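Here the structure comes first, spelled out in C-alpha coordinates, and everything after it is commentary.
In my numbering, the protein residues as written are 1441 to 1900.
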(Lines of atoms letter the chains of each structure in order from A and count residues from 1; the text may use other names and numbers.)
(Lines give C-alpha, C1' and ligand atoms only; values in the text may rest on other atoms or scores of the structure.)
Protein backbone atom coordinates (compact mmCIF):
# COMPACT_ATOMS: atom_id res chain seq x y z
CA UNK A 1 0.00 0.00 0.00
CA UNK A 2 1.35 3.45 -0.94
CA UNK A 3 1.31 6.64 1.10
CA UNK A 4 -1.71 8.75 0.27
CA UNK A 5 -1.03 11.94 -1.71
CA UNK A 6 -1.49 15.00 0.44
CA UNK A 7 0.08 17.63 2.66
CA UNK A 8 0.28 18.40 6.35
CA UNK A 9 1.59 21.57 7.94
CA UNK A 10 1.41 23.83 10.97
CA UNK A 11 -0.97 26.46 9.59
CA UNK A 12 -4.07 26.28 7.36
CA UNK A 13 -2.65 28.78 4.85
CA UNK A 14 0.55 26.75 4.62
CA UNK A 15 -1.28 23.48 4.01
CA UNK A 16 -3.66 24.96 1.43
CA UNK A 17 -0.70 26.25 -0.56
CA UNK A 18 0.82 22.79 -0.72
CA UNK A 19 -2.46 21.21 -1.80
CA UNK A 20 -2.89 23.80 -4.56
CA UNK A 21 0.61 23.07 -5.84
CA UNK A 22 -0.14 19.33 -5.98
CA UNK A 23 -3.42 20.00 -7.79
CA UNK A 24 -1.47 22.09 -10.32
CA UNK A 25 0.74 19.10 -11.12
CA UNK A 26 3.61 19.94 -8.84
CA UNK A 27 5.81 17.33 -7.22
CA UNK A 28 6.19 16.72 -3.51
CA UNK A 29 9.27 18.95 -3.73
CA UNK A 30 7.29 21.80 -5.29
CA UNK A 31 4.57 21.47 -2.65
CA UNK A 32 6.96 21.22 0.29
CA UNK A 33 9.04 24.20 -0.84
CA UNK A 34 5.91 26.27 -1.45
CA UNK A 35 4.68 25.39 2.04
CA UNK A 36 8.03 26.24 3.59
CA UNK A 37 7.98 29.65 1.92
CA UNK A 38 4.38 30.29 2.96
CA UNK A 39 5.27 29.38 6.55
CA UNK A 40 7.97 32.06 6.43
CA UNK A 41 5.15 34.62 6.07
CA UNK A 42 2.29 32.95 7.96
CA UNK A 43 4.24 31.35 10.84
CA UNK A 44 6.85 34.00 11.65
CA UNK A 45 6.74 33.25 15.37
CA UNK A 46 8.38 29.95 14.38
CA UNK A 47 10.27 30.49 11.13
CA UNK A 48 11.23 32.95 8.41
CA UNK A 49 13.21 33.61 5.26
CA UNK A 50 16.35 34.20 7.34
CA UNK A 51 16.06 30.88 9.17
CA UNK A 52 17.46 27.46 8.42
CA UNK A 53 16.35 23.87 8.31
CA UNK A 54 16.59 20.28 7.21
CA UNK A 55 14.74 18.15 4.67
CA UNK A 56 14.45 14.55 3.61
CA UNK A 57 13.24 13.66 0.12
CA UNK A 58 12.21 10.32 -1.37
CA UNK A 59 12.42 10.08 -5.14
CA UNK A 60 10.07 7.31 -6.23
CA UNK A 61 11.64 6.85 -9.67
CA UNK A 62 15.12 6.13 -8.33
CA UNK A 63 13.87 4.73 -4.99
CA UNK A 64 16.47 6.92 -3.30
CA UNK A 65 16.18 9.05 -0.15
CA UNK A 66 18.31 12.17 0.31
CA UNK A 67 18.86 14.36 3.37
CA UNK A 68 19.53 18.07 2.95
CA UNK A 69 21.11 20.33 5.54
CA UNK A 70 20.37 24.00 4.96
CA UNK A 71 20.62 24.98 8.58
CA UNK A 72 22.26 28.21 9.74
CA UNK A 73 26.03 28.61 9.70
CA UNK A 74 28.28 30.37 12.19
CA UNK A 75 29.46 33.74 10.82
CA UNK A 76 32.77 35.49 11.38
CA UNK A 77 34.98 33.91 8.72
CA UNK A 78 36.48 37.33 7.91
CA UNK A 79 37.42 37.92 11.53
CA UNK A 80 34.60 40.32 12.20
CA UNK A 81 34.12 40.36 15.97
CA UNK A 82 30.82 39.30 17.50
CA UNK A 83 29.48 41.50 20.27
CA UNK A 84 27.38 40.54 23.26
CA UNK A 85 23.79 39.47 22.95
CA UNK A 86 20.90 41.19 24.69
CA UNK A 87 19.55 38.87 27.41
CA UNK A 88 15.80 38.39 27.61
CA UNK A 89 13.75 36.09 29.77
CA UNK A 90 11.14 33.75 28.37
CA UNK A 91 8.79 31.98 30.77
CA UNK A 92 7.58 28.69 29.38
CA UNK A 93 5.67 25.96 31.23
CA UNK A 94 6.52 27.70 34.50
CA UNK A 95 10.26 27.88 33.75
CA UNK A 96 12.34 30.99 33.18
CA UNK A 97 14.56 30.38 30.18
CA UNK A 98 17.53 32.71 29.54
CA UNK A 99 17.87 33.76 25.94
CA UNK A 100 19.84 36.29 23.87
CA UNK A 101 18.68 38.44 20.98
CA UNK A 102 20.29 41.25 19.00
CA UNK A 103 22.71 41.52 16.03
CA UNK A 104 25.27 39.22 17.64
CA UNK A 105 22.82 36.30 17.56
CA UNK A 106 22.28 36.37 13.78
CA UNK A 107 23.73 33.41 11.88
CA UNK A 108 24.06 32.80 8.14
CA UNK A 109 20.57 31.87 6.87
CA UNK A 110 19.84 28.73 4.86
CA UNK A 111 16.15 28.86 3.88
CA UNK A 112 16.53 30.59 0.48
CA UNK A 113 19.38 28.27 -0.54
CA UNK A 114 17.53 25.20 0.72
CA UNK A 115 14.34 26.12 -1.12
CA UNK A 116 16.23 26.61 -4.36
CA UNK A 117 18.19 23.34 -4.04
CA UNK A 118 15.14 21.16 -3.30
CA UNK A 119 13.29 22.70 -6.24
CA UNK A 120 16.26 22.35 -8.59
CA UNK A 121 16.69 18.68 -7.70
CA UNK A 122 13.10 17.49 -7.77
CA UNK A 123 10.73 20.31 -8.78
CA UNK A 124 8.47 20.27 -11.83
CA UNK A 125 6.77 23.66 -11.85
CA UNK A 126 8.36 26.99 -12.70
CA UNK A 127 10.25 28.54 -9.79
CA UNK A 128 8.03 31.64 -9.83
CA UNK A 129 4.94 29.43 -9.48
CA UNK A 130 6.44 27.71 -6.43
CA UNK A 131 7.25 31.06 -4.78
CA UNK A 132 3.87 32.59 -5.69
CA UNK A 133 1.93 31.24 -2.66
CA UNK A 134 4.57 32.69 -0.32
CA UNK A 135 4.32 36.03 -2.10
CA UNK A 136 0.54 35.97 -1.67
CA UNK A 137 0.91 35.11 2.02
CA UNK A 138 3.35 37.98 2.53
CA UNK A 139 0.50 40.45 2.02
CA UNK A 140 -1.29 39.03 5.08
CA UNK A 141 -2.47 35.78 6.65
CA UNK A 142 -4.83 35.01 9.54
CA UNK A 143 -3.04 34.88 12.89
CA UNK A 144 -3.77 31.45 14.32
CA UNK A 145 -5.05 30.65 17.80
CA UNK A 146 -1.89 28.68 18.54
CA UNK A 147 0.26 31.70 17.68
CA UNK A 148 -1.98 34.07 19.63
CA UNK A 149 -1.62 31.85 22.70
CA UNK A 150 2.16 31.74 22.32
CA UNK A 151 2.76 35.42 21.57
CA UNK A 152 2.60 36.71 25.17
CA UNK A 153 5.17 34.10 26.21
CA UNK A 154 7.72 35.23 23.61
CA UNK A 155 6.85 38.92 23.61
CA UNK A 156 10.35 40.06 24.55
CA UNK A 157 11.69 38.61 21.30
CA UNK A 158 8.76 39.57 19.08
CA UNK A 159 7.99 43.09 20.25
CA UNK A 160 11.39 44.51 19.39
CA UNK A 161 12.20 46.87 16.52
CA UNK A 162 9.75 46.55 13.64
CA UNK A 163 8.13 43.60 15.41
CA UNK A 164 6.72 45.92 18.02
CA UNK A 165 3.99 46.88 15.57
CA UNK A 166 3.94 43.74 13.40
CA UNK A 167 2.53 41.70 16.28
CA UNK A 168 0.20 44.38 17.67
CA UNK A 169 -3.24 45.66 16.83
CA UNK A 170 -3.62 49.36 15.94
CA UNK A 171 -4.61 50.06 19.56
CA UNK A 172 -1.36 48.53 20.83
CA UNK A 173 -2.82 45.24 22.06
CA UNK A 174 -1.21 41.95 21.03
CA UNK A 175 -2.52 40.32 17.86
CA UNK A 176 -5.40 37.94 18.51
CA UNK A 177 -6.59 34.86 16.65
CA UNK A 178 -8.19 35.86 13.37
CA UNK A 179 -6.30 39.15 13.07
CA UNK A 180 -4.29 39.59 9.89
CA UNK A 181 -0.53 39.19 10.29
CA UNK A 182 1.27 41.55 7.90
CA UNK A 183 4.98 42.29 7.58
CA UNK A 184 5.34 45.58 5.75
CA UNK A 185 7.67 45.30 2.73
CA UNK A 186 8.02 41.53 3.10
CA UNK A 187 6.43 41.13 -0.31
CA UNK A 188 9.54 42.78 -1.74
CA UNK A 189 11.68 40.00 -0.28
CA UNK A 190 9.43 37.40 -1.91
CA UNK A 191 9.53 39.22 -5.24
CA UNK A 192 13.31 39.22 -5.01
CA UNK A 193 13.27 35.52 -4.13
CA UNK A 194 11.16 34.75 -7.20
CA UNK A 195 13.47 36.72 -9.46
CA UNK A 196 16.86 35.81 -7.99
CA UNK A 197 17.16 33.59 -4.88
CA UNK A 198 20.95 34.04 -5.01
CA UNK A 199 20.45 37.73 -4.15
CA UNK A 200 19.99 36.65 -0.54
CA UNK A 201 23.65 35.64 -0.57
CA UNK A 202 25.29 37.79 -3.25
CA UNK A 203 23.12 40.81 -3.91
CA UNK A 204 20.84 43.51 -2.58
CA UNK A 205 19.33 41.53 0.28
CA UNK A 206 22.75 40.28 1.37
CA UNK A 207 24.11 43.80 1.63
CA UNK A 208 21.03 44.98 3.53
CA UNK A 209 21.28 42.08 5.98
CA UNK A 210 24.96 42.68 6.72
CA UNK A 211 24.29 46.36 7.28
CA UNK A 212 21.39 45.54 9.62
CA UNK A 213 23.68 43.60 11.98
CA UNK A 214 26.72 45.88 11.68
CA UNK A 215 26.45 46.96 15.32
CA UNK A 216 27.66 43.82 17.09
CA UNK A 217 27.04 41.09 14.54
CA UNK A 218 29.79 38.94 13.04
CA UNK A 219 27.96 38.36 9.75
CA UNK A 220 29.82 39.57 6.67
CA UNK A 221 29.32 39.21 2.92
CA UNK A 222 31.96 36.47 2.71
CA UNK A 223 29.92 34.36 5.17
CA UNK A 224 26.93 34.60 2.85
CA UNK A 225 28.80 34.08 -0.41
CA UNK A 226 30.38 30.81 0.76
CA UNK A 227 27.19 29.23 2.14
CA UNK A 228 26.24 25.88 0.56
CA UNK A 229 23.48 23.31 1.07
CA UNK A 230 24.85 19.95 2.21
CA UNK A 231 23.35 16.72 0.83
CA UNK A 232 23.88 13.31 2.38
CA UNK A 233 22.51 9.79 2.41
CA UNK A 234 20.24 9.13 5.40
CA UNK A 235 21.29 6.86 8.21
CA UNK A 236 18.91 3.90 8.49
CA UNK A 237 18.07 1.84 11.58
CA UNK A 238 15.83 -1.21 11.87
CA UNK A 239 13.00 -0.60 14.28
CA UNK A 240 9.92 -2.69 15.12
CA UNK A 241 9.76 -4.38 11.73
CA UNK A 242 10.49 -1.23 9.75
CA UNK A 243 13.49 0.82 8.67
CA UNK A 244 13.64 4.43 9.83
CA UNK A 245 15.71 6.83 7.71
CA UNK A 246 16.86 10.23 8.97
CA UNK A 247 19.97 12.39 8.91
CA UNK A 248 21.33 10.65 12.00
CA UNK A 249 23.49 13.51 13.27
CA UNK A 250 20.87 15.50 15.16
CA UNK A 251 21.88 16.81 18.57
CA UNK A 252 19.45 14.55 20.46
CA UNK A 253 20.24 11.34 18.51
CA UNK A 254 16.70 10.45 17.47
CA UNK A 255 17.70 7.19 15.79
CA UNK A 256 19.80 6.10 18.76
CA UNK A 257 16.90 6.79 21.09
CA UNK A 258 14.57 4.73 18.90
CA UNK A 259 16.94 1.80 19.34
CA UNK A 260 16.46 2.01 23.12
CA UNK A 261 12.69 1.50 22.75
CA UNK A 262 13.01 -1.17 20.08
CA UNK A 263 10.64 -3.68 21.67
CA UNK A 264 7.51 -3.77 23.84
CA UNK A 265 4.11 -2.16 23.47
CA UNK A 266 3.09 0.83 21.39
CA UNK A 267 0.69 2.73 23.69
CA UNK A 268 2.76 4.76 26.13
CA UNK A 269 -0.45 6.07 27.76
CA UNK A 270 -1.31 2.72 29.30
CA UNK A 271 1.92 0.72 29.32
CA UNK A 272 4.05 1.45 32.44
CA UNK A 273 7.04 -0.52 31.14
CA UNK A 274 7.05 1.37 27.84
CA UNK A 275 6.63 4.70 29.63
CA UNK A 276 9.56 3.99 31.94
CA UNK A 277 11.70 2.83 29.02
CA UNK A 278 10.89 5.96 27.04
CA UNK A 279 11.59 8.26 29.98
CA UNK A 280 14.98 6.64 30.51
CA UNK A 281 15.84 7.07 26.83
CA UNK A 282 14.73 10.70 26.70
CA UNK A 283 16.64 12.18 29.63
CA UNK A 284 18.15 15.39 28.33
CA UNK A 285 18.33 19.10 29.26
CA UNK A 286 15.06 20.92 28.65
CA UNK A 287 15.54 24.11 26.70
CA UNK A 288 13.49 26.12 24.22
CA UNK A 289 13.57 26.47 20.46
CA UNK A 290 10.79 27.20 18.01
CA UNK A 291 10.33 25.40 14.71
CA UNK A 292 7.71 24.43 12.18
CA UNK A 293 7.31 21.41 9.92
CA UNK A 294 5.57 20.42 6.70
CA UNK A 295 5.25 17.19 4.72
CA UNK A 296 4.06 16.42 1.20
CA UNK A 297 3.42 13.29 -0.86
CA UNK A 298 2.51 13.45 -4.55
CA UNK A 299 0.56 11.01 -6.72
CA UNK A 300 3.79 9.44 -8.03
CA UNK A 301 4.90 8.44 -4.55
CA UNK A 302 7.55 11.13 -4.08
CA UNK A 303 7.67 12.40 -0.50
CA UNK A 304 9.27 15.33 1.29
CA UNK A 305 9.47 16.52 4.88
CA UNK A 306 10.97 19.90 5.81
CA UNK A 307 11.60 21.37 9.25
CA UNK A 308 12.71 24.99 9.65
CA UNK A 309 13.29 27.53 12.39
CA UNK A 310 14.09 31.18 13.05
CA UNK A 311 14.84 30.70 16.73
CA UNK A 312 12.68 33.24 18.50
CA UNK A 313 14.02 35.98 16.25
CA UNK A 314 16.82 38.43 16.96
CA UNK A 315 14.70 41.57 17.08
CA UNK A 316 16.66 42.82 14.04
CA UNK A 317 14.77 43.37 10.81
CA UNK A 318 16.18 43.87 7.30
CA UNK A 319 15.26 47.42 6.21
CA UNK A 320 13.16 47.58 3.07
CA UNK A 321 12.38 43.84 3.05
CA UNK A 322 10.31 43.20 6.21
CA UNK A 323 12.34 40.11 7.18
CA UNK A 324 13.02 39.27 10.83
CA UNK A 325 16.54 37.90 11.20
CA UNK A 326 17.26 34.67 13.02
CA UNK A 327 18.62 34.44 16.56
CA UNK A 328 20.23 31.03 16.35
CA UNK A 329 23.47 32.13 18.04
CA UNK A 330 21.33 33.06 21.05
CA UNK A 331 19.72 29.59 21.28
CA UNK A 332 21.28 28.10 24.39
CA UNK A 333 20.22 24.54 23.64
CA UNK A 334 22.09 24.54 20.33
CA UNK A 335 25.42 25.80 21.68
CA UNK A 336 27.28 22.75 22.93
CA UNK A 337 30.84 23.84 22.25
CA UNK A 338 32.88 26.61 20.71
CA UNK A 339 31.21 28.58 17.93
CA UNK A 340 33.68 28.17 15.07
CA UNK A 341 33.12 30.54 12.12
CA UNK A 342 32.21 28.69 8.94
CA UNK A 343 30.84 25.63 10.70
CA UNK A 344 27.20 24.53 10.47
CA UNK A 345 25.30 24.75 13.74
CA UNK A 346 23.80 21.58 15.18
CA UNK A 347 20.08 21.06 15.64
CA UNK A 348 17.51 18.63 17.03
CA UNK A 349 15.48 18.77 13.81
CA UNK A 350 15.17 15.38 12.13
CA UNK A 351 12.61 14.90 9.33
CA UNK A 352 12.35 11.21 8.54
CA UNK A 353 11.01 8.40 6.39
CA UNK A 354 9.84 4.97 7.51
CA UNK A 355 10.12 2.01 5.14
CA UNK A 356 8.47 -1.41 5.27
CA UNK A 357 9.58 -4.10 2.82
CA UNK A 358 11.56 -1.47 0.97
CA UNK A 359 8.61 0.85 0.39
CA UNK A 360 8.06 4.22 2.14
CA UNK A 361 5.06 4.02 4.46
CA UNK A 362 5.48 7.14 6.64
CA UNK A 363 6.99 10.57 6.06
CA UNK A 364 7.09 12.80 9.13
CA UNK A 365 8.77 15.64 10.94
CA UNK A 366 8.28 17.62 14.11
CA UNK A 367 8.74 21.06 15.56
CA UNK A 368 9.59 21.95 19.13
CA UNK A 369 13.32 21.98 19.87
CA UNK A 370 14.09 19.47 22.58
CA UNK A 371 10.56 18.06 22.28
CA UNK A 372 11.10 17.02 18.64
CA UNK A 373 12.57 13.67 19.63
CA UNK A 374 9.90 12.59 22.15
CA UNK A 375 7.09 13.85 19.91
CA UNK A 376 8.34 11.93 16.88
CA UNK A 377 9.05 8.74 18.81
CA UNK A 378 5.63 8.63 20.45
CA UNK A 379 3.85 9.34 17.17
CA UNK A 380 5.93 6.70 15.39
CA UNK A 381 5.03 4.17 18.09
CA UNK A 382 1.37 4.79 17.32
CA UNK A 383 1.69 4.78 13.54
CA UNK A 384 3.93 1.70 13.36
CA UNK A 385 1.44 0.09 15.75
CA UNK A 386 -1.33 0.63 13.18
CA UNK A 387 -2.85 4.03 14.04
CA UNK A 388 -3.70 6.57 11.33
CA UNK A 389 -1.38 9.61 11.61
CA UNK A 390 -3.98 11.98 13.00
CA UNK A 391 -4.95 9.56 15.76
CA UNK A 392 -1.30 8.97 16.66
CA UNK A 393 -0.57 12.70 16.68
CA UNK A 394 -3.63 13.54 18.78
CA UNK A 395 -2.67 11.04 21.50
CA UNK A 396 -1.32 12.55 24.73
CA UNK A 397 2.47 12.73 25.08
CA UNK A 398 5.11 12.82 27.75
CA UNK A 399 8.43 14.63 27.96
CA UNK A 400 11.20 13.77 30.40
CA UNK A 401 13.83 16.05 31.92
CA UNK A 402 16.07 15.32 34.91
CA UNK A 403 13.87 14.57 37.91
CA UNK A 404 10.62 15.52 36.18
CA UNK A 405 8.22 13.94 33.69
CA UNK A 406 5.61 16.16 32.11
CA UNK A 407 2.45 14.48 30.86
CA UNK A 408 -0.51 15.62 28.88
CA UNK A 409 -3.88 14.48 30.27
CA UNK A 410 -4.91 10.97 29.28
CA UNK A 411 -2.22 8.75 30.80
CA UNK A 412 -3.40 5.85 32.94
CA UNK A 413 -3.03 5.84 36.71
CA UNK A 414 -0.76 2.80 36.30
CA UNK A 415 1.69 4.84 34.18
CA UNK A 416 1.61 7.84 36.52
CA UNK A 417 2.15 5.58 39.52
CA UNK A 418 5.02 3.70 37.86
CA UNK A 419 6.82 6.94 37.03
CA UNK A 420 6.45 8.24 40.57
CA UNK A 421 7.56 4.90 41.97
CA UNK A 422 10.86 5.18 40.11
CA UNK A 423 11.47 8.53 41.82
CA UNK A 424 10.24 11.04 39.26
CA UNK A 425 8.12 14.07 39.97
CA UNK A 426 5.16 13.97 37.59
CA UNK A 427 3.46 17.13 36.32
CA UNK A 428 0.23 16.75 34.34
CA UNK A 429 -0.76 19.57 31.99
CA UNK A 430 -4.33 20.84 31.86
CA UNK A 431 -4.67 20.16 28.14
CA UNK A 432 -2.72 19.26 25.03
CA UNK A 433 -0.06 21.96 24.74
CA UNK A 434 2.37 23.36 22.10
CA UNK A 435 5.18 22.61 24.55
CA UNK A 436 4.91 18.90 23.64
CA UNK A 437 5.88 19.55 20.02
CA UNK A 438 4.16 19.79 16.68
CA UNK A 439 4.16 16.77 14.35
CA UNK A 440 3.15 16.52 10.70
CA UNK A 441 2.94 13.13 9.00
CA UNK A 442 1.55 11.24 6.03
CA UNK A 443 1.31 7.45 5.89
CA UNK A 444 -0.47 4.72 3.99
CA UNK A 445 -3.46 5.41 6.27
CA UNK A 446 -3.74 9.15 5.59
CA UNK A 447 -2.28 12.33 7.02
CA UNK A 448 -2.09 14.12 10.33
CA UNK A 449 -1.12 17.56 11.62
CA UNK A 450 -0.73 18.67 15.21
CA UNK A 451 -3.70 20.41 16.82
CA UNK A 452 -1.25 21.66 19.47
CA UNK A 453 0.09 24.14 16.93
CA UNK A 454 -2.91 24.74 14.73
CA UNK A 455 -1.89 22.16 12.14
CA UNK A 456 -3.87 21.31 9.02
CA UNK A 457 -3.83 18.18 6.84
CA UNK A 458 -5.24 17.95 3.30
CA UNK A 459 -5.39 14.65 1.41
CA UNK A 460 -5.64 15.28 -2.34
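Where is the CB? At the ideal position from N, CA and C, for every residue including glycine. Predicted model only: the values in this text are computed from it and were never measured.
Extent of the continuous beta strand (DSSP E) to which residue i belongs
i	result
residue 1498	1492-1499
residue 1793	1792-1796
residue 1560	Counting along the chain, residue 1560 falls outside any beta strand (DSSP E), though it belongs to the alpha helix (DSSP H) covering 1551-1562.
residue 1732	1732-1737
residue 1865	1865-1868
residue 1548	Element bounds for residue 1548: n/a, residue is neither H nor E.
residue 1675	1675-1679
residue 1896	1896-1899
residue 1760	Note, residue 1760: premise wrong, no beta strand (DSSP E); not H, not E.
residue 1658	Per DSSP, residue 1658 belongs to no beta strand (DSSP E) and is neither H nor E.
residue 1449	1446-1449
residue 1668	Note, residue 1668: premise wrong, no beta strand (DSSP E); not H, not E.
Opposing strand residues paired with residue i [DSSP bridges]
i	result
residue 1589	According to DSSP, which records beta bridges pairwise, residue 1589 is partnered with nothing at all.
residue 1539	1528
residue 1510	1493
residue 1839	1846
residue 1800	1795
residue 1806	1879
residue 1608	1614
residue 1687	For residue 1687, which the question treats as bridged, DSSP gives no partner whatsoever.
residue 1784	1513
residue 1771	BP columns for residue 1771 are empty, so no partner.
residue 1747	1494, 1733
residue 1621	1581
residue 1505	1498
Beta-carbon separation (whole angstroms), residue i vs residue j, contact threshold 8 Å
i	j	result
residue 1455	residue 1464	Not confirmed; about 15 Å, so no contact.
residue 1875	residue 1811	7 Å
residue 1397	residue 1765	Coverage of the chain is limited to positions 1441 through 1900, which leaves residue 1397 absent and any answer about it impossible.
residue 1864	residue 1719	7 Å
residue 1883	residue 1829	5 Å
residue 1847	residue 1869	7 Å
CB of residue i within 9 Å of CB of residue j, strictly
i	j	result
residue 1747	residue 1806	yes
residue 1745	residue 1804	yes
residue 1446	residue 1564	no
residue 1697	residue 1824	no
residue 1539	residue 1645	no
residue 1558	residue 1473	yes
residue 1581	residue 1551	no
residue 1600	residue 1623	no
residue 1709	residue 1852	yes
residue 1900	residue 1500	no
residue 1691	residue 1787	yes
residue 1471	residue 1457	yes
residue 1634	residue 1575	yes
residue 1896	residue 1732	no
residue 1618	residue 1549	no
residue 1526	residue 1755	yes
residue 1707	residue 1886	no
residue 1654	residue 1679	no
residue 1641	residue 1553	yes
Terminal residues of the alpha helix (DSSP H) in which residue i lies
i	result
residue 1632	1626-1635
residue 1815	1812-1824
residue 1887	Run containing residue 1887: none in the alpha helix (DSSP H); it sits in the beta strand (DSSP E), 1886-1889.
residue 1454	1452-1463
residue 1485	That residue, residue 1485, is in no alpha helix (DSSP H); it is neither H nor E in DSSP.
residue 1697	1694-1700
residue 1650	1644-1652
residue 1853	1853-1861
residue 1595	1595-1598
residue 1578	1567-1578
residue 1721	1712-1722
residue 1829	1829-1834
Nearest residue (CA-CA) to residue i, options the options
i	options	result
residue 1514	1618, 1594, 1506, 1662	1662
residue 1909	1801, 1822, 1722, 1789	Residue coverage of the chain in this structure runs from 1441 to 1900, which leaves residue 1909 outside it and unanswerable.
residue 1468	1444, 1779, 1519	1444
residue 1478	1879, 1887, 1736, 1573	1573
residue 1782	1495, 1591, 1668, 1575	1668
residue 1818	1560, 1758, 1891, 1722	1722
residue 1677	1490, 1687, 1778	1687
residue 1894	1858, 1878, 1556	1878
residue 1568	1830, 1863, 1749, 1631	1631
residue 1871	1854, 1891, 1883	1891
residue 1675	1733, 1505, 1487, 1873	1505
residue 1609	1529, 1588, 1883, 1556	1588
residue 1659	1523, 1858, 1547, 1873	1547
residue 1758	1666, 1489, 1462, 1522	1489
residue 1571	1889, 1521, 1637	1637
residue 1496	1671, 1739, 1749, 1640	1671
residue 1802	1556, 1858, 1741, 1750	1741
residue 1520	1561, 1577, 1650	1650
beta-carbon residue i near the ligand MN non-hydrogen atom, thresh 8 Å
i	result
residue 1867	Among the ligands in the structure shown, none appear at all, so the ligand MN cannot be discussed.
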